[in-house]
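Going left to right, the sequence shown walks through residues 1 to 261 as the working numbering numbers them. Note that beta-carbon positions come from the ideal geometry of N, C-alpha and C, so glycine has one too. As the structure is a computational prediction, the values presented were derived from the model and not from experiment. Note sheet for the following structure.
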Amino acid sequence: MPCKYAARTILKLYFTELYSRVVKYFLKHLIISIPFNDTTLRFLIPTKWVPQIFRNLDHVLVSCDYFKLAYATPKRGYIVLDIGAFIGFYTIAAAYLVGKEGKVYAVEPNPEAVSLLITNIKLNKANNVRLYPVAISDRNKVLELYIGYYGAVSSIIGEHTSKYGGIERIHKVKGITLSTLLKHIGIIDVLKIDIEGLEDRVLREAKDELWRVRNIVVEIHSDVVNAYDIETLLHEAGFTRLVVYTASDMPEQIIVYGTRA
């Protein structure tokens, strides 16, 4: 795996209650550096999302939850589609792994997260990233996005956002279907999906276009979606090897990996 477990030592400081209070009081933003593969990635983060954002960082770039299997890990020259990019933890890591020969398409509907994502793309000189500030849904129409007090929890499903910290505001956003995006991009080497409870609806809508995807990583939010249903859907769509993984510290979040190889 490309993640550096030494990064966990770095995060120990940020997880402390005292540190969280100090940075929130004195700073609006913080730049954190995280070892990854043979480089160091840098991210601008808002301190109002501390400490939750460090759990997300741990999830993606320390515990390496999207990179557990070799076939699900982006490689040089790959085309990657990151749906639910947030502020770029996976996007930037994937952009580094695919190199200048590859491409990462990042989709994120939360406008505050989009602004931070743009900054983090520039901060890491990830010139191979293309950003789509839209919501992936099962409908091509303007939608209401329920943005949580913690920005990573923003969903078309208001009940889901309410469960994880509450709704800060509602934002109108352009919604497009996954099938529309897949037709536009073409063949995808790795598709990563983290869309806060819409996994089932989005994948069902795009089922006939999933042949364009070689490998897939889906984060399932079990308060809304049944993991077995996703596993069955992916199998029916031609993903012959499927692995289901649940992190011990986040049992409500289940990750399904699939490949056609």
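{"Asked": "Within 10 Å of its beta-carbon, does I187 have 16 or more other beta-carbons around it, so buried, or fewer, so exposed?", "Found": "exposed"}
{"Asked": "Do V142 and K172 have their C-beta atoms closer together than 7 Å?", "Found": "yes"}
{"Asked": "Whole beta strand (DSSP E) runs in the region 55–113 with 3 or more residues, listed along the chain?", "Found": "79–83 and 103–107"}
{"Asked": "Would you mind working out which of I79, L116, G151 and S155 sits nearest E144, comparing C-alpha positions?", "Found": "S155"}
{"Asked": "Look up F43 in the DSSP assignment and give the residues it is bridged to.", "Found": "I32"}
{"Asked": "Cα separation between D208 and G258?", "Found": "16 Å"}
{"Asked": "A135 lies in the beta strand (DSSP E); which residues open and close that run?", "Found": "A135 to S137"}
{"Asked": "Roughly how many whole angstroms lie between the Cα atoms of I185 and P35?", "Found": "31 Å"}
{"Asked": "Name, in chain order, the residues that DSSP records as bridge partners for S155.", "Found": "Y146"}
{"Asked": "Who pairs with H171 in a beta bridge, going by DSSP?", "Found": "L145"}
{"Asked": "So, with DSSP's three-state summary, where would you put D208?", "Found": "helix"}
{"Asked": "From the DSSP output, read off the bridge partner residues of I193.", "Found": "I83 and V218"}
{"Asked": "Measure the Cβ-Cβ separation of V217 and K192 and say whether it is below 7 Å.", "Found": "yes"}
{"Asked": "Considering only their Cβ atoms, is the gap separating A152 from L131 smaller than 7 Å?", "Found": "no"}
{"Asked": "If you compare alpha carbons, which of I45, G102, T161 and L181 is closest to P133?", "Found": "L181"}
{"Asked": "State the DSSP-derived secondary structure class of T240, mapped to helix, strand or coil.", "Found": "coil"}
{"Asked": "Name the residue from N37, E168, I255 and W211 whose alpha carbon lies nearest to the alpha carbon of A93.", "Found": "N37"}
{"Asked": "Quick one, which of A227, L61, C64 and E252 has its alpha-carbon nearest V243's?", "Found": "A227"}
{"Asked": "Taking DSSP as the reference, what is the three-state secondary structure of L27?", "Found": "coil"}
{"Asked": "So, using beta-carbon positions, are G84 and I230 closer together than 7 Å?", "Found": "no"}
{"Asked": "How long is the line joining the alpha carbons of D58 and W49, rounded to whole angstroms?", "Found": "14 Å"}
{"Asked": "Can you give the Cα-Cα distance for D200 and L41, rounded to whole angstroms?", "Found": "32 Å"}
{"Asked": "Could you tell me the alpha carbon to alpha carbon distance between L263 and A72, rounded to whole angstroms?", "Found": "Outside the shown range of the chain (1 to 261) lies residue 263, about which nothing can therefore be said."}
{"Asked": "Using only alpha-carbon positions, find the residue among Y78, I176, E205 and G175 that is nearest to L100.", "Found": "Checking the displayed sequence, the identity of residue 100 turns out to be Lys instead of Leu. Selected option, being the one with the closest Cα: Y78."}
{"Asked": "Any heavy atom of the ligand MN within a distance shorter than 6 Å of the CB on V225?", "Found": "The ligand MN is not part of this structure, which contains no ligands at all."}
{"Asked": "Spell out the partners DSSP gives V213 in its beta bridges.", "Found": "I188"}
{"Asked": "What do you reckon, are the CB atoms on P74 and L44 nearer than 7 Å?", "Found": "no"}
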